[in-house]
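Undergrad: The structure under discussion is supplied below as structure tokens; questions concerning it will follow.
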Amino acid sequence: MISLRQLEILRAVMHFRTTLGAARELGMSQPGVSNAIKHMETQIGFPLFDRVRNRLEPTNEARILTEEAEPLFMMHRVIRQTVGNLKAGRTGHIRLLATLELADTLLPLVIARFVREHPGVDVSIEVLSLDQVLEGVELGAGDVGFVMEPSPRPTVVCEPLTELEMVCICPPGSAIASLSVTAPADLHGLPLIVAPPAGSRINSLIAAAFAEAGQPFRPVIEARFMNVPARLVACGLGVAIVDRLTAVFTGRTDVRILDFVPRISVDVYSVLAKGKPVSRLAGAFIENARVEAARGIFNR
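Quick note on numbering: the sequence shown equals residues 22 to 321 in my numbering.
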């Protein structure tokens with residue numbers, strides 16, 4: 022049986038690619054890390070690393086093992102946090118999980134409202150990929166999650182908070198900057214930046230709009246979160262299709278926001294674990310998110 026400590030050592034070596042770097046990170050000796058890896062390989066019966074030019078390159082098996090172990094690390098962080106709260110005498114605490122574009126835009130406003138209404142309650146927020154948010158809520162690593170367009174999952178309940186339209190953003194000097202409305206044909210020949218990457222629901226919606234217009238869909242850059250394309254456009258690297266919330270909260274004067282047709286809409290969802298009672302604080306936080314949505318922050 023592999024222990025959590027062994028998995029921590031494995032993850033550290035994968036991160037630093039050397040036993041020395043892992044040892045410094047973990048507060049261990051270098052021989053201690055080396056011996057732990059050797060013992061683990063003997064225990065499981067297959068190698069975890071290949072030595073390439075004085076660096077340790079993880080095998081495919083090692084990558085799979087650490088990916089599968091990530092929920093354990095997430096739960097371990099939750100337990101440590103709970104112990105710290107109990108030790109400090111804090112009982113009011115809400116744990117938020119969110120994708121980056123929402124943690125960068127919507128949630129700061131909601132958190133500000135929430136802490137004003139609930140003084141003394143601690144708030145923690147962890148930024149994760151969409152799948153990790155869903156998995157984290159399912160496992161109890163977070164009280165409530167916030168995502169855009171999640172795939173159906175039987176273990177969580179996703180409730181829509183608000184609908185966003187997708188828009189085109191471009192630098193002021195772009196060939197399309199003078200347009201008020203853009204279509205796929207207008208973007209032909211321009212460097213296109215999109216998020217999330219291929220395989221996601223939002224990416225599929227954008228690709229379908231281009232296909233409907235008879236235009237090729239060939240992004241030059243794909244990112245996981247939509248605020249990344251917004252920043253790349255601000256640097257003059259191309260044009261992007263993002264949600265209006267992200268476009269507005271980019272906060273840059275060097276980006277033009279243009280309507281996009283055919284219309285694409287995406288929903289922002291709160292995520293709760295199915296079959297588990299909703300805590301008073303989680304319910305209050307979700308209600309605050311609805312209030313902020315009703316204030317029109319998404320379309321200003």
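Glycine is no exception: its CB is placed at the ideal position from the N, C-alpha and C atoms.
When the Cα of Val260 is compared with those of Leu211, Pro92 and Val282, which residue comes out closest?
TA: Residue Leu211 is the option with its Cα nearest to Val260.
Undergrad: Out of Ile285, Glu147 and Ile132, point me to the one whose CA is closest to Gly141's CA.
TA: The option with the nearest alpha carbon to Gly141 is Ile132.
Undergrad: State yes or no: is the C-beta of Val158 within less than 8 Å of the C-beta of Ala294?
TA: Yes, they are a contact pair.
Undergrad: If you measure between the beta carbons of Val165 and Ser291, is that distance less than 8 Å?
TA: The answer is yes: Cβ separation under 8 Å.
Undergrad: Between which residues of its own chain and Ala124 is the CB-CB distance below 7 Å, once the five residues before and five after are set aside?
TA: Around Ala124: Ile146 and Val148.
Undergrad: Alpha carbon to alpha carbon, what distance is there between Ile85 and Ser24?
TA: So the alpha carbons of these two residues sit roughly 16 Å apart.
Undergrad: Would you decide whether Pro267 is buried or exposed? Buried here means 16 or more other CB atoms lie within 10 Å of its CB.
TA: The sequence shown places Thr at residue 267, not Pro. Looking at its Cβ environment, which holds 16 or more other Cβ atoms inside 10 Å, Thr267 is buried.
Undergrad: Determine the DSSP secondary structure at Leu149, reduced to helix, strand or coil.
TA: Leu149 falls in the coil class under three-state DSSP.
Undergrad: Please report how far the alpha carbon of Glu313 lies from the alpha carbon of Lys59, in whole angstroms.
TA: Roughly 53 Å between the two C-alpha positions.
Undergrad: Just to confirm the assignment, what range does the beta strand (DSSP E) spanning Ser291 have?
TA: Per DSSP, Ser291 belongs to the beta strand (DSSP E) from Ser286 to Ala294.
Undergrad: Spatial neighbours of Arg134 within its chain, please: CB distance less than 6 Å, with the 5 preceding and 5 following residues excluded, ordered by chain position.
TA: Once the five neighbours on either side are set aside, the close Cβ partners of Arg134 are Asn309.
Undergrad: Ends of the beta strand (DSSP E) at Gly166?
TA: Unbroken beta strand (DSSP E) run through Gly166: Val165 to Met169.
Undergrad: Can Val178 be considered in contact with the ligand SAM, in the sense that its beta carbon sits closer than 7 Å to one or more heavy atoms?
TA: In terms of ligand content, the structure shown is empty, and the ligand SAM therefore cannot be addressed.
Undergrad: If we ignore side chains and look at the alpha-carbon of each, how far apart do Ala255 and Leu69 end up?
TA: Cα to Cα, Ala255 sits roughly 42 Å from Leu69.
Undergrad: For the beta strand (DSSP E) containing Leu182, list its first residue and its last residue.
TA: Where Leu182 is concerned, the enclosing beta strand (DSSP E) stretches over Val177 to Cys191.
Undergrad: What are the boundary residues of the alpha helix (DSSP H) that includes Ile30?
TA: That run of the alpha helix (DSSP H) goes Leu25 to Phe37.
Undergrad: CB-CB under 6 Å to Leu41, same chain, minus the five flanking residues each way: which ones, in chain order?
TA: Result list for Leu41: Gln51, in chain order.
Undergrad: Among the residues of its own chain, which have a CB less than 7 Å from the CB of Val249, if the five just before and after it don't count?
TA: Hits under 7 Å: Ala216.
Undergrad: Unbroken alpha helix (DSSP H) runs of length 4 or more, entirely within the segment 226–273: which are they?
TA: Entirely contained in the segment 226–273, the alpha helix (DSSP H) runs reaching 4 residues are, in chain order, 248–255 and 265–270.
Undergrad: Taking the C-alpha atoms as reference points, what is the distance between Phe270 and Val241?
TA: Distance between the alpha carbons of Phe270 and Val241: 23 Å.
Undergrad: With H, G and I counted as helix, E and B as strand and the rest as coil, what does DSSP make of Asp275?
TA: Reduced to three states, the DSSP call for Asp275 is coil.
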